[in-house]
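K.L.:
Listed in order, the protein sequences are those of chains A and B. Last residue of the first sequence: 390 in the UniProt record's numbering, with the numbers rising by one and none dropped. Last residue of the second sequence: 390 in the UniProt record's numbering, with the numbers rising by one and none dropped. Just so you know, even glycine gets a beta-carbon here, dropped at the ideal spot from N, CA and C. Here the structure is a predicted model, which is why all the values come from computation and not from measurement. Before anything else, here's the structure in question.
2 protein chains.
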Amino acid sequence: MTAAANQSGRRPTSRRLERAGIRDVAAAAGVSITTVSDALNGKGRLPDETRSRVREVAERLGYRPSAAARTLRTGRSGLIGLTVTTYGEEPFTFTEFAYFAEMARAATSAALGRGYALVVLPASSRHDVWSNIALDGTVVIDPPDQDPLVSELYRSGVPVVSDGKPGNCPVTAWVDNDHEAAVLGILDHLSEAGARRIGLLTGTSTDTYTRLSTEAYLAWCKRVGQEPVYETYPAHDPAAGAVAADRLLARPDRPDAVYGLFDPNGTDLLAAARRYGLRVPDDLLLVCCSESDVYAGTEPPITTLSLKPRRIGTTVVNLLIDAIEGVDSGTGVALSDLTGGTRLFPPRFRTAGTGPPPGTLMPTELIVRASSQRRSPRTTISAPRPPGEV
Amino acid sequence: MTAAANQSGRRPTSRRLERAGIRDVAAAAGVSITTVSDALNGKGRLPDETRSRVREVAERLGYRPSAAARTLRTGRSGLIGLTVTTYGEEPFTFTEFAYFAEMARAATSAALGRGYALVVLPASSRHDVWSNIALDGTVVIDPPDQDPLVSELYRSGVPVVSDGKPGNCPVTAWVDNDHEAAVLGILDHLSEAGARRIGLLTGTSTDTYTRLSTEAYLAWCKRVGQEPVYETYPAHDPAAGAVAADRLLARPDRPDAVYGLFDPNGTDLLAAARRYGLRVPDDLLLVCCSESDVYAGTEPPITTLSLKPRRIGTTVVNLLIDAIEGVDSGTGVALSDLTGGTRLFPPRFRTAGTGPPPGTLMPTELIVRASSQRRSPRTTISAPRPPGEV
DNA sequence: AGTTCATGGAGAAACGGTACTTCTCGCCCG
DNA sequence: CGGGCGAGAAGTACCGTTTCTCCATGAACT
């Protein structure tokens with residue numbers, strides 16, 4: 001059955017050593033290309049015998065369907081963009097901080113588990129790079145207010161799910177930690193450990209994380225009647241953190257406990273404390289937000305707040321893929337409900353409509369170590385573990 | 001000029017709110033789609049007036065060319081795969097170690113700079129994920145001998161460049177550090193600092209890095225007449241490292257200097273030394289291979305070997321894109337030369353032919369800190385910086 | 001006046017699949 | 001005995017670009 005591909009008249013020029021196409025398989029198996037497509041994709045009504053025969057022929061010919069052609073026809077590429085923010089001159093902070101690294105890893109893994117692959121794209125990349133890639137959807141990390149990129153993606157119909165509650169950008173959905181609850185929890189924790197004046201090391205940027213956390217701190221201060229004691233610095237500048245930590249401990253109204261919002265704050269504060277002869281936790285209680293496990297090994301070990309980035313990454317991707325498949329699957333599996341808005345943990349998805357995009361708040365986890373306890377150190381107690389993986 | 005797209009008779013069904021296509025632009029501008037394509041891509045012979053008019057119309061309509069269609073037609077997707085190895089049960093070690101994280105970041109950046117985006121793909125992902133993505137080429141990190149994935153990619157004509165000298169897989173090109181020179185340099189450095197018996201903490205896996213480094217160590221021992229003192233452990237198991245470090249220092253023939261091949265070895269060895277009451281660097285000289293800057297802050301700071309992952313990532317990607325564009329550009333910019341084989345720093349590219357794939361060896365950098373010096377600590381001396389960026 | 005040539009642009013064939021629609025049977029049933 | 005039905009499979013219109021070929025037209029040249 002060498003009814004070659006040429007017989008179909010579709011290949012006028014002599015075929016070079018190019019890859020086998022679906023037509024070659026069809027010719028070799030003595031069936032139509034429709035049958036080949038159906039057999040390989042498990043569609044259509046075909047007896048198992050035909051199906052397996054076609055598959056075998058395809059295997060023998062080393063046939064690999066063209067992803068480009070499939071994407072063009074089906075409108076789905078199986079590609080998800082992972083937008084990473086860019087600070088300063090460096091292309092992006094992707095993998096710079098443990099948070100992003102872990103989040104990205106979990107996101108990649110989750111996407112792959114559902115048959116999608118992730119494309120890493122800095123938000124600042126040239127427009128042509130973005131539009132040169134067929135994306136089924138995009139995960140955007142911590143979008144700034146009015147991000148033009150996000151707006152355009154959203155407008156052009158590409159689902160966008162953000163990690164971090166978006167400011168003014170329209171997104172399909174978003175996921176974030178309950179930063180307010182986290183900060184309040186830490187402040188209470190420090191209070192219970194005996195802190196009388198709790199300081200905050202925070203950032204100058206206006207992203208949601210910094211803003212919500214700082215606001216929660218200020219609200220707490222007002223509530224308990226403590227004068228706020230905080231220092232700010234540009235979080236993306238690693239050197240500035242040490243300086244700010246020093247400033248905070250050099251103040252006349254020096255705090256006896258500090259919460260640092262960013263990953264390196266723990267070591268910065270520890271070093272500053274050492275310079276001022278302050279002993280941790282005796283003279284100074286310390287907590288910082290970090291995903292790094294180096295704080296389990298510092299002297300003393302430092303209590304950290306984990307944002308559980310893996311959980312976030314997984315959730316974000318799943319939400320995005322739900323949106324992609326829900327919206328486009330045609331069957332219209334109406335998962336829609338209510339009017340959208342913030343809800344707690346078990347994420348759901350809203351298919352269409354107006355109003356605020358649905359958001360999901362994920363809990364954080366406080367890993368209590370010696371630096372925030374005046375007695376019985378070395379105990380590691382976690383907040384009650386919520387359901388869900390990771 | 002509402003000569004609508006329907007006039008062409010190509011859109012029988014009523015157009016919904018879909019994105020504008022090139023036909024819509026052509027109709028709106030009153031030209032043919034060829035002209036639109038040429039105008040937008042800077043091709044063809046068109047007066048500037050037409051060009052700018054078409055561009056303006058396209059802009060007004062919010063036209064974005066379909067990446068899928070372009071890919072199908074041109075055979076180029078602008079996508080590069082970044083294959084990450086997978087250890088144990090975790091999906092992949094991507095971003096697990098600082099080396100990979102930095103390398104990936106540099107690779108992403110380099111690719112973007114040349115108009116390509118990176119797709120992160122674990123080597124273990126299901127075959128269908130791989131073949132579902134149109135890749136112009138692939139970067140593979142540390143391929144194991146006879147990697148079937150790499151073989152198939154290579155066979156199907158996709159350029160493959162590996163980070164790490166490949167074992168038996170055919171690749172287009174590869175980049176690696178000069179591990180032998182690095183290890184010999186460290187051993188000499190430790191010797192000069194007064195070490196009499198240098199131990200090695202190495203891995204059990206058979207990847208090139210581990211193998212070459214260990215062999216270099218053994219060769220050095222034989223040359224200087226020292227009995228080898230080393231312990232091995234599965235490098236992907238973080239807990240095993242501490243145990244192995246302990247074993248090494250518990251030996252009757254305890255070394256007075258140790259080089260640890262993996263990132264966490266520094267802290268592991270430091271902790272083990274403390275347990276045995278050994279002072280660093282007085283009783284024990286320490287060097288480990290790491291990209292982490294925590295070793296600048298340990299007590300004492302630890303001398304590290306940096307593999308300069310950013311430089312590697314950049315080089316790998318550039319080599320790959322050279323291969324992609326060199327092979328397919330048709331113009332045949334014959335960069336070809338010689339017969340291929342290992343060469344030092346300035347990377348070149350071989351277009352075709354048989355024989356060993358061209359490899360590029362990149363130098364490493366020893367960051368000397370207190371842990372490997374008996375006198376005058378705190379000095380940071382680098383190896384002479386080679387040309388090239390980063 | 002007829003041939004070149006450059007200019008500006010249109011036509012249509014791919015690219016390689018997928019998904020409707022249609023066709024041909026053989027069979028069952030009224 | 002005709003029509004409906006369902007299985008098995010083929011036909012073919014797209015998906016939205018790029019690119020190759022070709023066609024006018026007018027100016028310049030012989």
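(1) Nearest to residue 397/B by CA position, among 242/B, 223/B, 192/B, 160/B, is which residue?
(2) Nearest by alpha-carbon distance to residue 370/A: which of 283/A, 361/A, 208/A, 126/A is it?
(3) By the three-class DSSP mapping on this structure, what secondary structure does residue 157/A have?
(4) Buried or exposed for residue 26/A, going by 16 or more other Cβ atoms inside 10 Å?
(5) Can you check DSSP and say which residues form a bridge with residue 173/B?
(6) Along the beta strand (DSSP E) that carries residue 122/B, what are the first and last residues, could you check?
(7) Could you check whether residue 81/A and residue 138/A sit closer than 8 Å to each other, using their CB atoms as the reference points?
(8) Could you please give the first and the last residue of the uninterrupted beta strand (DSSP E) stretch that includes residue 201/A?
(9) Nearest chain A C-beta to residue 294/B closer than 8 Å, yes or no?
(10) Does DSSP put residue 370/B in a helix, a strand or coil?
(11) Within 8 Å of any Cβ in chain A, is that where the Cβ of residue 132/B sits?
(12) Given the structure, does residue 195/A come close to the ligand HEM, in the sense that its CB is under 7 Å from one of the ligand's heavy atoms?
(13) At a Cβ threshold of 8 Å, is residue 122/B touching chain A?
(14) From residue 336/A to residue 19/B, what does the alpha carbon distance come to, in whole angstroms?
(15) What did DSSP end up calling residue 359/B once you bin it into helix, strand or coil?
(16) Is the beta carbon of residue 58/A sitting closer than 8 Å to the one on residue 133/B?
(17) If residue 208/A sits next to residue 167/A, beta carbons under 8 Å apart, how far is it from one beta carbon to the other, in whole angstroms?
(18) I'd like to know whether the C-beta atoms of residue 303/A and residue 205/A end up nearer to each other than 8 Å.
(19) Any idea what DSSP makes of residue 324/B, helix, strand or coil?
(20) Taking buried to mean at least 16 other C-beta atoms within 10 Å of its own C-beta, is residue 318/A buried or exposed?
(21) Would you verify that the beta carbon of residue 118/B is, or is not, closer than 8 Å to some beta carbon of chain A?
(22) Alpha carbons only, please: which of 117/A, 41/A, 45/A, 126/A is nearest the one belonging to residue 124/B?
(23) Please return the same chain residues whose Cβ sits closer than 6 Å to the Cβ of residue 246/B, not counting the five positions on each side in sequence.
(24) Just to confirm the assignment, what range does the beta strand (DSSP E) spanning residue 46/B have?
(25) Determine which residues of the segment 250 to 281 of chain A have a Cβ less than 9 Å from any Cβ of chain B, and write them out in chain order.
(26) Roughly how many angstroms lie between the CA atoms of residue 33/B and residue 75/B, to the nearest whole one?
(27) Can you pull the chain A neighbours of residue 129/B, defined as C-beta to C-beta under 9 Å?
(28) Name the two residues that bound the continuous alpha helix (DSSP H) containing residue 208/A.
(29) For residue 314/A, does the three-state DSSP call read helix, strand or coil?
(30) Is it a yes or a no for the segment 103 to 118 of chain B touching the segment 182 to 192 of chain B, going by three-plus beta-carbon pairs under 8 Å?
(31) Consider the Cβ of residue 42/B: report whether some Cβ of chain A lies at a distance smaller than 8 Å.
(32) Could you check what DSSP says for residue 36/B in three-state terms: helix, strand or coil?
(33) May I ask you to list, following chain order, the residues of the UniProt domain "HTH lacI-type" (20 to 74) of chain B that have a beta carbon less than 8 Å from some beta carbon of chain A?
(34) Along the chain, where does the beta strand (DSSP E) containing residue 402/B start, and where does it finish?
(35) To the nearest angstrom, report how far apart residue 244/B and residue 278/A are at their CA atoms.
(36) For residue 299/B, does the three-state DSSP call read helix, strand or coil?
P.N.:
On the basis of the data shown:
(1) In the structure as shown, chain B starts at 1 and stops at 390, and residue 397/B therefore has no counterpart that could be examined.
(2) 283/A
(3) coil
(4) buried
(5) 161/B
(6) 117 to 122 is the extent of the beta strand (DSSP E) around residue 122/B.
(7) yes
(8) If you look at residue 201/A, you'll find it in the beta strand (DSSP E) that goes 198 to 203.
(9) yes
(10) helix
(11) Under the Cβ distance rule, residue 132/B counts among the residues neighbouring chain A, one pair being separated by less than 8 Å.
(12) Absence of the ligand HEM from the depicted structure is noted, as is the absence of any ligand whatsoever, leaving it without description.
(13) Interface residue, yes.
(14) With a pLDDT of 37 at residue 336/A, under the threshold of 50, the modelled position of that residue is not reliable, and the figure given next carries that caveat. So the alpha carbons of these two residues sit roughly 25 Å apart.
(15) strand
(16) no
(17) Confirmed, Cβ separation roughly 7 Å.
(18) no
(19) helix
(20) buried
(21) yes
(22) 117/A
(23) Result list for residue 246/B: 272, in chain order.
(24) Neither: residue 46/B is in no beta strand (DSSP E) and is coded neither H nor E.
(25) 267, 271
(26) 20 Å
(27) Residues of chain A whose Cβ lies closer than 9 Å to the Cβ of residue 129/B are, in chain order, 78, 112, 115, 116, 117.
(28) 208 to 224
(29) helix
(30) Short answer: they don't touch.
(31) no
(32) Taken through DSSP and simplified to helix, strand or coil, residue 36/B comes out as helix.
(33) Of all residues in the UniProt domain "HTH lacI-type" (20 to 74) of chain B, 62, 64, 65, 66, 67, 68, 69, 70, 71, 72 have a Cβ within less than 8 Å of some Cβ in chain A.
(34) As shown, chain B starts at 1 and ends at 390. That puts residue 402/B outside it, with no answer to give.
(35) 36 Å
(36) coil
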